[in-house]
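A.B. asks: Mind looking over this structure? Questions follow.
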Amino acid sequence: MLPFQGRLDTLNVTLLYLIVITAISLRFGTWPSILSSIAAFLAFDFFFIPPFYKFTVARADHVLALFVFLGIAILTSQLIVRIRARTMEALRRGRQTATLYELSSALISEIGLDDMMMAVVERVRQVFGVDTCAILLEEDGEIRLHAASGDPLDYADQNLIDLVRWVIDKRQSAGLRSGRARIRPPGPPRSTPQWNFAGGKTDRPLLLLPIATTRRPLGVLLVARHRVHARFDPEEERLLETFANQAAIAIERSLLTREQTRAEILARSDELKSALLSAVSHDLRTPLASIKASVTSLLQPDITWPEEERRDLLSAINEEADRLNQLVANLLDLSRIEAGALRPELDWYDLSEAIYAAIDRSELLLRGHRLRVDIPEALPALRFDFIEIIQVLINLLDNAAKYSPPDTTIDLSVRQLSDAIEVTVRDEGPGIPRGEEERIFDKFYRVEATNRTIGSGVGLAICRGIIEAHGGRIWAERNRDRGTAIHFILPNADGDRVEAPTRKEQVVPS
Amino acid sequence: MGARLVVVDDEPQIRRALRAGLRANGFEVELAATGESALDAVAVHPPEVVILDLGLPDMDGVEVIRQLREWSSVPIIVLSVRNAEPEKVRALDAGADDYLTKPFGMDELVARIRVALRHASGQHHHEPVLKFGDLQIDVAHRIVTHAGVELHLTPTEYDLLRELAGNADRVLTHQMLLSRVWGPASADATNYLRVYVNQLRHKIEPDPARPRYLITEPGVGYRFRSGQSSSHGRS
Chain R
317 MLPFQGRLDT LNVTLLYLIV ITAISLRFGT WPSILSSIAA FLAFDFFFIP PFYKFTVARA
377 DHVLALFVFL GIAILTSQLI VRIRARTMEA LRRGRQTATL YELSSALISE IGLDDMMMAV
437 VERVRQVFGV DTCAILLEED GEIRLHAASG DPLDYADQNL IDLVRWVIDK RQSAGLRSGR
497 ARIRPPGPPR STPQWNFAGG KTDRPLLLLP IATTRRPLGV LLVARHRVHA RFDPEEERLL
557 ETFANQAAIA IERSLLTREQ TRAEILARSD ELKSALLSAV SHDLRTPLAS IKASVTSLLQ
617 PDITWPEEER RDLLSAINEE ADRLNQLVAN LLDLSRIEAG ALRPELDWYD LSEAIYAAID
677 RSELLLRGHR LRVDIPEALP ALRFDFIEII QVLINLLDNA AKYSPPDTTI DLSVRQLSDA
737 IEVTVRDEGP GIPRGEEERI FDKFYRVEAT NRTIGSGVGL AICRGIIEAH GGRIWAERNR
797 DRGTAIHFIL PNADGDRVEA PTRKEQVVPS
Chain B
7 MGARLVVVDD EPQIRRALRA GLRANGFEVE LAATGESALD AVAVHPPEVV ILDLGLPDMD
67 GVEVIRQLRE WSSVPIIVLS VRNAEPEKVR ALDAGADDYL TKPFGMDELV ARIRVALRHA
127 SGQHHHEPVL KFGDLQIDVA HRIVTHAGVE LHLTPTEYDL LRELAGNADR VLTHQMLLSR
187 VWGPASADAT NYLRVYVNQL RHKIEPDPAR PRYLITEPGV GYRFRSGQSS SHGRS
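Going down the list, the sequences are from chains R and B.
Okay, so the first sequence: first residue is 317 according to my numbering, each after it adds one.
Okay, so the second sequence: first residue is 7 according to my numbering, each after it adds one.
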């Protein structure tokens, strides 16, 4: 400063001081800026106001100048401090918004509740750099862990559960300060319970935030850090609280959707059941009526039946009993398909054997139709459920016979594709109405145009269920001239590859 | 007097129908409704065949078979339902001789009983030549002929055929066939077995795609059909 004495205009010197004060205000805030203003005032007096190197002031106008300088210095510094605070606040807000945005992107995705909560805990863990994050929800009075990420905690710990309950009941966040197992906020100081967590892990910073909407409390968001001194600062807590509130809304919405979906499923399965019951009771009653009629005829005491008619009645009973059996098999399959419980018993079989077994068992159904079978020789073996595929074939043959006039031909053909085998059942009936090719596989669908409604309409739905459970495909086509073709494909998984024989093979010499 | 049977089923209607039908076929029938009473009935007055429903109220049908097999070798025919193949296999592996899927025809049941009686008498075991229509198996010389023409079988094919034909009209599980023909180590290679059955069919069946001798019992095993009984269906 000394070289400037006398050479610089005092006004310019004050400006230099102001620059320094401005810099200090920008960097350090209120009190340092006031302190530096006073220091500048004193230094200015000491160095530049005569008499030099004394705090005394000789001239009255210099006293005025000095105090004007002090006033300007303090005013400027405080203005700058305020601007700085606003800037910092804006930056902080911006950061918070960005963080919240990042967090809430986990909430808006249209995924299931569990996936969403999993995404939330993952995101919280990344954004806040915590070691453990979990969501515990209260359901039917019980605290259940729904999503957890990071290092595991003992979520079954009774103290933790008590703490969670406290947070849920009070709708207040609680935490363990580092080092000491104390709950915060403490509430009335004396009544604060001391929480002791199992395994001496109490000294890790732990924070529990309520997840609650205005309507109801749902659960807690738990975050924890490993390192003893990495506590959660107030800003982090505020952010986490805000986020927990957002999460609460999303979770509640998801819970409501789930409840609604459940109700819808119930309603739909009720609908299905009543449709099934009406279809089935019709189908059951028809063979039962014919059995009852035949049997009561035979039981009539005053009639002696000629042998031929007696046999006729008995055959009718036998056939109707088989039909009932077939229907029951279909219903069983349908219920298993509906319940998602149809697991094919896969084993290696020759498809032609299943086809002929199905034909043998469809003998009565096919009476009145001609059946043409075309199976190439040397088909590879396939992995399928013999009984279920027979059921499919019987249903297809039954369907073809029902929906085509007597004395027409039903074609059953097999074609080998590169990696699959295709079976086609073709009839010469009126065909499916155009555009309905997919619908015929719906439950209870029956082709409207037919004057007789036969069958419960579940046969093709079952075929689809079974074929799809085999990893295959089934579809219908209108034939070019007339009738319907139903195709299904069974995948071929290297049927004839067999491990080397364990015995030496030799042809027995003749 | 016909053979004595014990019929075990918890459904009174089925018991009634079976008793009437079997008596009309010349059998003497004793009924039991539970596993316990069945074990008692067999112990008190040993029958020649037991017909056992696997779905009993008091105990697992397979457990009844196990307990019976501890002291009795009476042929057991089990009654079961569709889609219960694993249960059938368990019953057969526990020592049951045969199974029938409900609902079945009385003719079929009677045929199975006759097969069981025939096997219990050991009739098949000592015949030097097994004859099934055109098919002849000369056990003593290991020669198989069809309509007089000798068929060339590999030793494995022959052993498999011999095992199946020696137990004609009885079901043999995959496991039984594999362990008897290939040895105990190979008891789960069902595809392996299928390939040999297929080869055999091409050699002995008039129409291999529509076998009349070697019948697949889906999910269970194979049965050699002699053509002498009327056990055709496999509903």
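All C-beta atoms, glycine included, are put in the ideal place defined by N, C-alpha and C.
1. Under 8 Å, with one C-beta from each stretch per pair, do the stretch 482–493 of chain R and the stretch 519–529 of chain R reach the 3-pair mark?
2. Determine whether the beta carbon atoms of Arg686/R and Gly747/R lie at a separation below 9 Å.
3. Does DSSP put Ser341/R in a helix, a strand or coil?
4. Determine, for Val330/B, whether the minimum Cβ-Cβ distance to residues of chain R falls below 9 Å.
5. Cα separation between Phe368/R and Ala359/R?
6. For Lys108/B, name the three-state secondary structure that DSSP assigns.
7. When Cβ atoms are compared, which residues of the stretch 638–655 of chain R fall closer than 8 Å to chain B?
8. Is the stretch 115–134 of chain B touching the stretch 727–746 of chain R in the sense that three or more CB pairs, one from each, lie closer than 8 Å?
9. Take the Cβ of Gly745/R as the centre, count every other Cβ of all protein chains shown within 10 Å, and call the residue buried at 16 or more, exposed below.
10. Is it buried or exposed, Lys486/R, if we count other Cβ atoms within 10 angstroms and call 16 or more buried?
11. Evaluate Gln19/B with the Cβ neighbour count: other Cβ atoms within 10 Å of its Cβ, from every protein chain shown; 16 or more gives buried, anything less gives exposed.
12. DSSP on Pro603/R, reduced to helix/strand/coil?
13. Nearest to Thr281/R by alpha carbon, out of Asn808/R, Cys449/R, Val774/R and Leu713/R?
14. Report the residue ranges of all beta strand (DSSP E) runs contained in full by the stretch 426–473 of chain R; include only those spanning at least 3 residues, in chain order.
15. So for Gly410/R, helix, strand or coil by DSSP?
16. Look at the alpha carbon of Gly67/B and the alpha carbon of Ala122/B, and state the distance between them as a whole number of angstroms.
17. Can you tell me where the alpha helix (DSSP H) holding Val145/B begins and where it ends?
18. State buried or exposed for His786/R, treating a residue as buried only when at least 16 other CB atoms are found within 10 Å of its CB.
19. So, is the C-beta of Ala23/B closer than 9 Å to a C-beta in chain R?
20. Assuming Ala637/R contacts Ile671/R (C-beta within less than 8 Å), just tell me the rounded distance between them.
21. Any beta carbon from chain B within less than 9 Å of Asn795/R's own beta carbon?
22. Can you tell me whether Pro509/R is helix, strand or coil according to DSSP?
23. With a 10 Å radius around its C-beta and 16 neighbouring C-beta atoms as the bar for buried, classify Pro468/R as buried or exposed.
24. Return the first residue and the last residue of the alpha helix (DSSP H) that Arg652/R is part of.
25. Taking only beta-carbon atoms, is Pro190/B less than 9 Å away from chain R?
26. From Ala117/B to Leu183/B, what distance separates their C-alpha atoms?
27. Whose C-alpha, out of Glu752/R, Phe757/R, Gln442/R and Leu382/R, is nearest the C-alpha of Val774/R?
28. Does the separation of the CB atoms of Ile365/R and His378/R fall below 9 Å?
29. Where do the ends of the alpha helix (DSSP H) carrying Asp99/B lie?
30. Grouping DSSP H, G and I as helix and E and B as strand, with all else coil, what is Thr518/R?
31. For Trp347/R and Ala339/R, what's the separation of their Cα atoms in angstroms?
32. Would you verify that the beta carbon of Asn634/R is, or is not, closer than 9 Å to some beta carbon of chain B?
33. So, Glu551/R versus Gln442/R, is the Cβ gap smaller than 9 Å?
34. Can you give me the start and stop residues for the alpha helix (DSSP H) that His208/B sits inside?
35. In whole angstroms, what is the alpha-carbon distance linking Thr612/R and Ile619/R?
36. Could you give the distance in angstroms between the alpha-carbon of Leu28/B and the alpha-carbon of Val35/B?
C.D. replies: The structure says:
1. yes
2. What you label residue 686/R is simply residue 370 of the first sequence in a count that begins at 1. What you label residue 747/R is simply residue 431 of the first sequence in a count that begins at 1. Contact: no.
3. For the purposes of this step, residue 341/R is taken as residue 25 along the first sequence, with counting starting at 1. It is helical.
4. A query on residue 330/B cannot be resolved here, the shown segment of chain B reaching from 7 to 241 and no further.
5. Locating residue 368/R in the first sequence gives position 52, counting from the first residue. Locating residue 359/R in the first sequence gives position 43, counting from the first residue. In a straight line, the C-alpha of Phe368/R is about 10 Å away from that of Ala359/R.
6. Within the second sequence, the letter at position 102 stands for residue 108/B. Three-state result, Lys108/B: coil.
7. Asp638, Asn641, Ala645 and Leu648
8. no
9. Counting from 1 along the first sequence, the entry for residue 745/R is found at position 429. Looking at its Cβ environment, which holds 16 or more other Cβ atoms inside 10 Å, Gly745/R is buried.
10. For this step, residue 486/R is matched to residue 170 along the first sequence. Exposed, because fewer than 16 other Cβ atoms sit within 10 Å of the Cβ of Lys486/R.
11. Position 13 of the second sequence holds residue 19/B. It counts as exposed.
12. The count along the first sequence starts at 1 and reaches residue 603/R at position 287. Correct three-state label for Pro603/R: helix.
13. Outside the displayed span of chain R (317 to 826) sits residue 281/R, for which this structure offers no information.
14. 448–455 and 458–466
15. Here residue 410/R refers to the residue found at position 94 when the first sequence is read from its first residue. Note: Gly410/R maps to helix in three-state DSSP.
16. Working through the second sequence from its first residue, we reach residue 67/B at position 61. Working through the second sequence from its first residue, we reach residue 122/B at position 116. Going from the Cα of Gly67/B to the Cα of Ala122/B covers about 19 Å.
17. Locating residue 145/B in the second sequence gives position 139, counting from the first residue. Premise fails: Val145/B is in no alpha helix (DSSP H) and is neither H nor E.
18. For the purposes of this step, residue 786/R is taken as the residue at position 470 of the first sequence. With 16 or more other Cβ atoms within 10 Å, it is buried.
19. For the purposes of this step, residue 23/B is taken as residue 17 along the second sequence, with counting starting at 1. No, no contact with chain R.
20. Residue mapping note: residue 637/R aligns to position 321 of the first sequence, counting from 1. Residue mapping note: residue 671/R aligns to position 355 of the first sequence, counting from 1. No, Ala637/R and Ile671/R are not in contact; Cβ-Cβ is about 24 Å, not under 8 Å.
21. The residue labelled residue 795/R in the question sits at position 479 within the first sequence. With 9 Å as the cut-off, Asn795/R does not count as an interface residue toward chain B.
22. Here residue 509/R is taken as the residue at index 193 of the first sequence, counted from 1. For Pro509/R, the predicted model reports a pLDDT of 41, less than 50, meaning its position is unreliable; a value from the coordinates is still stated below. Coil, per DSSP.
23. One-based indexing of the first sequence puts residue 468/R at position 152. The residue in question, Pro468/R, is exposed, as its Cβ has fewer than 16 Cβ neighbours within 10 Å.
24. On the first sequence, position 336 is the one that residue 652/R refers to. Looking at the DSSP string, the run of the alpha helix (DSSP H) that includes Arg652/R is Glu623 to Glu654.
25. In the second sequence, the residue the question calls residue 190/B occupies position 184. For Pro190/B, the answer is no, since every Cβ of chain R falls outside 9 Å of its Cβ.
26. Here the question's residue 117/B lines up with position 111 in the second sequence. Here the question's residue 183/B lines up with position 177 in the second sequence. Cα to Cα, Ala117/B sits roughly 23 Å from Leu183/B.
27. Here residue 774/R refers to the residue found at position 458 when the first sequence is read from its first residue. Answer by Cα proximity: Phe757/R.
28. Counting from one through the first sequence, the residue named residue 365/R turns up at place 49. Counting from one through the first sequence, the residue named residue 378/R turns up at place 62. The answer is yes: Cβ separation under 9 Å.
29. Within the second sequence, the letter at position 93 stands for residue 99/B. Taken as a continuous stretch (DSSP letters only), the alpha helix (DSSP H) holding Asp99/B covers Glu91 to Asp99.
30. The sequence position of residue 518/R within the first sequence is 202, counting from 1. At Thr518/R, the pLDDT of 47 sits below 50, so the modelled position is not reliable and the matter cannot be decided from this model.
31. By one-based count along the first sequence, residue 347/R stands at place 31. By one-based count along the first sequence, residue 339/R stands at place 23. Taking the straight line from one Cα to the other gives about 13 Å.
32. Residue 634/R sits at position 318 when you count from the first residue of the first sequence. Asn634/R counts as touching chain B.
33. Residue 551/R sits at position 235 when you count from the first residue of the first sequence. Residue 442/R sits at position 126 when you count from the first residue of the first sequence. No. Outside cutoff.
34. Within the second sequence, residue 208/B is the residue found at index 202, counting from 1. His208/B -> alpha helix (DSSP H) spans Thr196 to Ile210.
35. The residue given as residue 612/R occupies position 296 in the first sequence. The residue given as residue 619/R occupies position 303 in the first sequence. When rounded, the distance between both Cα atoms is 11 Å.
36. Numbered from its first residue, the second sequence carries residue 28/B at position 22. Numbered from its first residue, the second sequence carries residue 35/B at position 29. Approximately 7 Å, taken between the alpha carbons.
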